[in-house]
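In the working numbering, each residue carries its 1-based index in the sequence shown increased by 377.
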Amino acid sequence: MAPSVSFKSLALAVAALGFTGIAPPGGGARPAPMIAPSPDVAGAGSPAPLTLKRAPDGLFYVTAAVNGVPVRFVIDTGANVVVLTRADAAAAGVTGPAAGGRALRTAGGTAAMRWATIDRLTIGDHAIAGTDAAIVGGDDLPHSLLGQSALSRLDSITLRGNRLHLR
């Protein structure tokens with residue numbers, strides 16, 4: 378019988394094997410820019426909370442704008458960084474260095490990855506500048522992952538039952 382890898386197990390493996398415990402270039406010591414309200418929410422004192430409902434597969438999904446381009450993400454609190462699929466990165470104009478990539482072992486096999494920076498990531502009304510990201514090659518990852526390089530810059534993340542609240 379051929380082994381079967383679900384997206385849930387792949388996402389967990391990427392978080393556990395590929396991104397937990399490694400720091401982006403510069404060691405992650407770069408100061409994180411503050412979150413600012415999106416310009417299209419003029420007059421708002423602070424970004425509005427965003428509530429996500431758990432999907433039937435047990436995961437939480439959000440469509441965020443990467444450099445103005447909509448990208449569907451799985452919320453992955455176990456990943457240290459945002460992970461973009463090659464297709465999502467290309468669509469949003471996110472590039473990394475041509476050299477200096479590394480191989481990443483996941484439950485689905487080996488995938489190439491390279492570091493990049495997202496100029497502007499907008500999640501609901503939350504706008505984040507200069508977010509570290511990893512671009513993963515191959516077709517094993519069906520969705521990009523929203524990891525701690527973005528999530529840690531929100532005020533709070535709260536899970537209550539089948540709802541995830543981002544503030």
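Backbone N, C-alpha and C define an ideal beta-carbon position, used for all residues, glycine too.
Element boundaries [beta strand (DSSP E), containing residue i]
i: Ala-506; result: 503–513
i: Ser-521; result: 521–523
i: Leu-518; result: From DSSP, Leu-518 is part of no beta strand (DSSP E); its letter is neither H nor E.
i: Leu-536; result: 534–537
i: Arg-540; result: 540–543
Best match in the options for proximity to residue i [C-alpha to C-alpha]
i: Ala-468; options: Pro-424, Phe-450, Asn-444; result: Asn-444
i: His-520; options: Ala-527, Arg-530, Leu-541, Val-460; result: Val-460
i: Leu-543; options: Pro-433, Asp-502, Asp-509, Gly-515; result: Asp-502
i: Ala-466; options: Ala-480, Ile-495, Val-458, Tyr-438; result: Ile-495
i: Val-446; options: Pro-433, Leu-436, Ala-464, Ser-529; result: Ala-464
i: Leu-528; options: Leu-498, Asn-539, Thr-462, Arg-537; result: Leu-498
i: Thr-462; options: Asn-539, Ala-511, Leu-531, Asp-532; result: Ala-511
i: Gly-507; options: Leu-536, Val-458, Arg-537; result: Val-458
i: Arg-530; options: Gly-478, Ala-504, Gly-473, Phe-437; result: Ala-504
i: Ser-423; options: Gly-538, Asp-532, Phe-437; result: Asp-532
Contact under 8 Å by Cβ, residue i with residue j
i: Leu-518; j: Asp-453; result: no
i: Val-513; j: Ala-493; result: no
i: Val-451; j: Ala-441; result: no
i: Gln-525; j: Ala-456; result: yes
i: Ile-534; j: Val-439; result: no
i: Ala-489; j: Gly-515; result: yes
i: Arg-337; j: Leu-427; result: There is simply no residue 337 to check, as the chain begins at 378 and stops at 544 in what is shown.
Unbroken alpha helix (DSSP H) run spanning residue i, endpoints
i: Ile-463; result: In the sequence as displayed, the identity of residue 463 is Arg instead of Ile. Unbroken alpha helix (DSSP H) run through Arg-463: 463–469.
Residue i - partner residues in DSSP beta bridges
i: Pro-447; result: Ala-442
i: Ala-432; result: Ala-432 is not bridged to any residue.
i: Ala-456; result: Beta-bridge pairing links Ala-456 to no other residue.
i: Thr-341; result: Past the edges of the chain, shown from 378 to 544, lies residue 341, and the structure says nothing about it.
i: Ala-425; result: Its beta-bridge partners do not exist; DSSP assigns none.
i: Ala-493; result: Ala-510
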